[in-house]
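Single-structure report; data block below.
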Amino acid sequence: MVRSEVPEPAGDGQSLGDLVALAAKDVSQLIRYEIDLAKSELMDDVQRVGLAGGLGVVAAFVACLVLVLLSIALAFGLVALGIWTWAAFLIVAGAYVLFAVLALGIAYLKLRRVSGLVKTRKTVTEGLEMLRHENQSPDGQRPEITARKTG
181 MVRSEVPEPA
191 GDGQSLGDLV
201 ALAAKDVSQL
211 IRYEIDLAKS
221 ELMDDVQRVG
231 LAGGLGVVAA
241 FVACLVLVLL
251 SIALAFGLVA
261 LGIWTWAAFL
271 IVAGAYVLFA
281 VLALGIAYLK
291 LRRVSGLVKT
301 RKTVTEGLEM
311 LRHENQSPDG
321 QRPEITARKT
331 G
C-alpha cells in the first residue's frame with residue numbers, strides 16, 4: 181500500500197481533528213486504489229470472455245461445416261448402398277427435420293413447465309406480511325406511535 185503521508189506519532193502535537201482528517205484521506209485513497217484494482221480485473225475478465233466468445237463462434241462455424249460435410253458423406257454412402265441420389269439426400273434431410281422437430285418438442289415441453297417464480301413470490305409475500313405484523317402492536321398500532329403516546 182502506498183501512503184501519501186507518514187503520520188507523526190500521536191503525542192507530537194497533532195490534534196484529534198488532524199488525525200481524523202489523515203485517516204479519512206487514507207481511507208479515501210484506499211477506496212480509490214480498490215476501485216482501480218476492480219476496474220483492472222474487470223477489464224481483464226472482459227477481454228478473456230470476449231476472446232472465449234470469439235473462439236466459441238469460430239468453433240460453432242467449423243462444427244456447422246463439418247455437419248454439412250458429414251451429411252453429404254452420409255448421402256453418398258446411401259447412394260453407394262444402391263439408393264437413388266435424390267432419395268438419399270431426401271433421407272438425410274428428413275432425418276435432420278425429424279431431429280429438429282424432436283428438439284423443438286422437448287423445448288416446448290420444458291417451457292410449459294416454467295413456474296414464473298411462484299414459490300419465490302409466495303415466500304417474499306409471506307416475509308413482507310410477517311414484517312408488517314412485527315411492526316404492529318397487538319392493538320393494531322405501530323410500536324413507535326404507542327411509545328410516543330405512553331411516553
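Numbering (my numbering), first residue to last: 181 to 331. Glycine is no exception: its CB is placed at the ideal position from the N, C-alpha and C atoms. Just so we're clear, the structure is a prediction, and the values are computed from it rather than from any experiment.
query, result
"Nearest-angstrom Cα distance between Ala240 and Arg292?", "29 Å"
"Answer yes or no: do Ser255 and Val272 have a C-beta to C-beta separation smaller than 9 Å?", "The identity of residue 255 in the sequence shown is Ala, whereas the question assumes Ser. Yes; because the gap between Cβ atoms is below 9 Å, this pair is in contact."
"Buried or exposed for Ala267, please, with buried defined as at least 16 other CB atoms from any protein chain shown within 10 angstroms of its CB.", "exposed"
"Using the Cα positions of His313 and Val298, report the straight-line distance between them to the nearest angstrom.", "23 Å"
"Report the rounded CA-to-CA distance for Ala280 versus Leu231, giving the unit in angstroms.", "30 Å"
"Quick check on Gln227: does DSSP put it in helix, strand or coil?", "helix"
"How far does the alpha helix (DSSP H) with Trp266 in it extend, from its first residue to its last?", "Thr265 to Arg292"
"So, with DSSP's three-state summary, where would you put Leu261?", "coil"
"Which residue marks the beginning of the alpha helix (DSSP H) containing Leu311, and which one marks its end?", "Val298 to Glu314"
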